[in-house]
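Working notes, structure below.
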Amino acid sequence: MESLAVYGHAIASLGLWAILVSVLAALSTTGRVAENRCDCGKPKRNYDDPVYRRERAFMNAVEGSGPFIAATVAAILIGAAPFWVNLFAAAFIVARVVMAVAHIATTSHPMRSLFFMIGLLCILAQAVLAIATAF
2 MESLAVYGHA IASLGLWAIL VSVLAALSTT GRVAENRCDC GKPKRNYDDP VYRRERAFMN
62 AVEGSGPFIA ATVAAILIGA APFWVNLFAA AFIVARVVMA VAHIATTSHP MRSLFFMIGL
122 LCILAQAVLA IATAF
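Numbering (my numbering), first residue to last: 2 to 136.
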């Protein structure tokens, strides 16, 4: 377990991610009424509606969970450089928190897209780091 201590920030980021996704899940269910829902129960597509934006913020987090967790755990397990693993994991969390706030609080697509891309680049960097370390 001592060998994992050097990945403290990355491991904490995984825990923070679980909290963020859980909070977004709870937020995504608030404010739903029959008038703003499709037959499937999801909010109708309308970026002016905060209920729809909360749902999209949650679904974006769910969609990003697998790649973030896989890349981070792979990098930790293979023993990739702790500095970079910690940096990319922490940067991902910061970017995704900002993205979630931007998604819920604004209708600014460029800001949301910018922080999505930052998070995506962190995942890709983490994955490349894990693969490069493996070979």
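Backbone N, C-alpha and C fix where the C-beta goes; we use that ideal spot for every residue, glycine too.
None of these values were measured; they are calculated from a predicted model.
For R97, the uninterrupted alpha helix (DSSP H) run begins and ends at P83 to A106, by DSSP. Per the C-alpha coordinates, the member of L5, A131 and W18 positioned closest to A75 is A131. Shown here, R38 sits in a strand according to DSSP, grouped into three states. The segment 68-83 and the segment 39-57 do not touch, with fewer than 3 CB-CB distances between them shorter than 8 Å. A distance of 8 Å or more separates the beta carbons of L121 and T73. Under a 10 Å Cβ-count criterion, M100 is classified as buried, with 16 or more other Cβ atoms of the shown protein chains found around its own Cβ.
Straight-line measurement puts the Cα of S66 at about 21 Å from the Cα of V52. Judged by their CB atoms, A96 and F116 are nearer to each other than the 8 Å cut-off.
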